[in-house]
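In short: position in the sequence shown from 1, add 669, done, that's the numbering used here.
Ideal Cβ placement from N, Cα and C applies to all residues, glycine included.
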Amino acid sequence: MSLREVSLLTIPFAILAHQVLRRYETYRIYVHACLLLGPPILAAARLTSFRPTPALPPILFNSLVSYLAALVTSVIAYRLSPFHPLAQYPGPLWRRISMFGPAAMATTGNRHRAFASLHQKYGDVVRTGPNELSIADASFVGPLLGASGLPKGPNHVGASMSDTKMSMVGIQDIPHHLQRRRPWNRGLSQQALKGYEPLMAERAQLLVQRLTQQSGPVDLGLWLKYFAYDFMSDVAFGDGSDLLREGDKANIWSIIEDGMVVCTIAHSLPWLGIYLSMIPSAAGPMLAFQENGRRLARERLERGSKTRDLYHYLCNEDLSDNPPPTLDELADDGTLAIVAGSDTVSVALTSVFYCLLTDTEAHRNVQQEIDRLYPVGEPFSETKHHREMHYLQAVINEAMRLFPPIPLGSQRQVPHDAASVVVGSVVIPPGTAIYLPPWVLQRDPRNFTFPDAFWPERWLIASGQLHYGDARLPSSAKRGHERPDFVHHEATFIPFSAGPMNCPGKGLAMMEMRSVVIALMKNFGMKLRDGWNPATFDQEFKDYFTAARPELPVVLEPRLHVETKAYE
Ligand code: HEM
């Protein structure tokens, strides 16, 4: 049997299999196995008249090779052809062919910078994968993320290593997502936040106390990670972690950070996440990371409810008529609570301190605001002054504009069975996954004047509290030049995303960030360690879905009135 005869039989099957895979995107391994192995095995059997003969092994081998080669050729030819629905959108050739390249580049942590370069080169709409677009145009934020926006993208399938068992964040079916989302909204409402304030005060006090006990420069970023993890464990599970006192003996943060690197790869190749779940040795970091969240949730469910923590709401304990969700759902949401609530906040807080410690005037302004509203005797845990802290709010916004904790934002997808989405002259066909990357939108000169500068004053100008002509300009602005037009396109400020599937933890995160900045700056003078190059922070700010950041070495000088009430 010649290779030509084998090929003649297998090529049509390969083209057919490609059409099936293209139309019915599926993550079922048995479907993949049937489509990838079934036709060449059948062809080989047909060519040997369904009899075991000595010629079978070479025929089977030829059949497999020619079938898979034809399948790969068909896929690549289609993706590069003018018939592909995304053919009209520009993007590098290697990204049009396969997601293997983008997945490999994601491991460098520089996806956000790569996307920024792609937009610079190709324009506002770039084909970043065979079936993926990145859009850096403000007019898409409402239509894609707003009330009638699109469902979540397929990337969470990879990160969850399942398309059926996943935390709420990845659920693509909108009604199901909104149903799972309701208890989160209740558990993170303004009313619920009031209940979390004493936990906040206690943990912030402990952070101050532990920092007071350190000598020499500290890695402030590390302490903020400990704080954020402990506080989120308090809020979500009522207890469960004490990194501030005990240190990270169980390497929780390595587990989270290693897991996020593997997640980033699986985001680009969702099917790979599902395959990896079958190979525990390969999926180690991701499994450990998921298991950590599930363990905390299970322990909380066994302990029962001691306080009105987040799980009190997630278990529907506040609604006597509603049955609790399944144990699996509650366990899956444990990972979400921990990662969504602690990794993001600790990144954002680290960026806030980095920005303050590299801008003397902003640092002084925040210090004055804190000293005015929190004189000696006024506890830093008092949240009633938060709404008066306009400069601090401007600093937090500005740090998250420059360093969004989720640099590429949350993926969306036009469902396979829906009509194309049309925004202006752009047609987004069914099956397309889309990013609206905050890192790119928030640093775009069309959206913000002096886009690369830390300039908190822009937020005060935009809200009418400061006149543009009176505002100091960022140090990078050219002296003696006329002030450029003031541009502030706030709709593109989306560190928490937008619309009904945005971040429900925004209020909690804001309360946490304000409280920690107030607690630390009320009690310590701070400066960066001599000799540390601040440019390192920008260069080493990496995107592994949530951002990884370098150390932030800070020298702390206790102020006279350090509040040392101990919580031992
Ligand atoms: C600075 C801190 C934070 C940032 C920048 C942030 C950002 C985000 C973003 C961009 C999303 C994706 C939303 C979307 O798909 O459109 C998200 C989702 C989510 N965040 Fe946050 N987040 C932060 C803090 C928190 C906190 C403290 C919690 C509390 C538990 C939280 C809980 C969640 C949850 C549950 C989701 C899933 C929402 C959904 O799919 O409906 N986040 N967050």
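Buried or exposed (CB count within 10 angstroms, at least 16 for buried), residue i
i        : result
Ala-952  : buried
Met-901  : buried
Phe-1022 : buried
Gln-1037 : exposed
Gln-1082 : buried
Gly-1133 : exposed
Glu-1209 : exposed
Phe-661  : Given that the chain is displayed from residue 670 to residue 1237, the structure contains no residue 661 and the question cannot be resolved.
Arg-1148 : exposed
Gly-698  : The sequence given here places Ile at residue 698; Gly does not occur at that position. By the 10 Å Cβ count, Ile-698 comes out exposed.
Gly-916  : exposed
Ala-746  : exposed
Arg-849  : buried
His-687  : buried
Gly-818  : buried
Val-1045 : exposed
Pair within 8 Å by beta-carbon distance, residue i and residue j
i        : j        : result
Val-1092 : Ser-808  : yes
Pro-949  : Leu-956  : yes
Phe-1193 : Pro-1222 : no
Pro-1076 : Ala-1087 : no
Ile-943  : Met-869  : no
Pro-1143 : Ala-1122 : yes
Ile-934  : Asn-961  : no
Ala-919  : Met-1182 : no
Phe-784  : Pro-1106 : yes
Leu-913  : Leu-875  : yes
Trp-1108 : His-781  : yes
Leu-857  : Gly-1176 : yes
Rounded straight-line distance, which links the Cα of residue j to that of residue i
i        : j        : result
Leu-983  : Ser-1166 : 22 Å
Ile-1103 : Trp-763  : 18 Å
Val-838  : Ala-1006 : 10 Å
Pro-1173 : Met-929  : 21 Å
Ala-712  : Leu-749  : 28 Å
Met-947  : Phe-1049 : 49 Å
Pro-1203 : Thr-1027 : 7 Å
Ile-924  : Arg-1112 : 31 Å
Ser-1089 : Pro-823  : 17 Å
Asp-806  : Glu-871  : 43 Å
Leu-678  : Leu-740  : 13 Å
Ala-1235 : Pro-954  : Confidence at Ala-1235 is low in this model, with a pLDDT of 42, below 50, so its placement is unreliable and the value that follows should be read with caution. Taking the straight line joining both Cα atoms gives about 36 Å.
Ser-732  : Ser-743  : 16 Å
Pro-1114 : Lys-975  : 50 Å
Val-1095 : Ile-684  : 30 Å
Ile-840  : Pro-1074 : 21 Å
Met-1195 : Ser-803  : 39 Å
Arg-737  : Ile-1097 : Checking the sequence, you will find Leu at residue 737 rather than Arg. When rounded, the distance between both Cα atoms is 30 Å.
Chain B within 8 Å of residue i, Cβ atoms only
i        : result
Val-1224 : As a matter of chain content, chain B is missing from the structure shown, which is built from one protein chain.
Hey, which unbroken runs of the alpha helix (DSSP H) at 4 residues or more fall wholly within the stretch 1008-1056? 1013-1026, 1029-1042
Across the stretch 847-862 and the stretch 715-735, are there enough close Cβ pairs to call them in contact, namely three or more that are closer than 8 Å? no
Any chance you could list the alpha helix (DSSP H) runs of at least 4 consecutive residues sitting entirely within the stretch 685-744, in chain order? 698-716
Touch test, the stretch 984-993 against the stretch 1143-1162, Cβ-Cβ under 8 Å, three pairs minimum: no
Would you call the stretch 1057-1067 in contact with the stretch 1120-1135, where contact means no fewer than 3 C-beta pairs closer than 8 Å? Two segments are said to touch when three or more pairs of C-beta atoms, one from each, lie closer than 8 Å; by this definition the stretch 1057-1067 touches the stretch 1120-1135.
Any chance you could list the beta strand (DSSP E) runs of at least 3 consecutive residues sitting entirely within the stretch 1144-1208, in chain order? Runs of the beta strand (DSSP E) lying entirely within the stretch 1144-1208, each at least 3 residues long, are 1193-1197 in chain order.
Going along the chain, which unbroken runs of the alpha helix (DSSP H) with 4 or more residues stay wholly within the stretch 1098-1128? 1107-1110
I want to know whether the stretch 908-915 touches the stretch 968-976 - three or more CB-CB distances under 8 Å. yes
Which parts of the stretch 894-970 are runs of the alpha helix (DSSP H), unbroken and 4 residues or longer, counting only runs that do not cross its ends? 912-915, 921-937, 939-945
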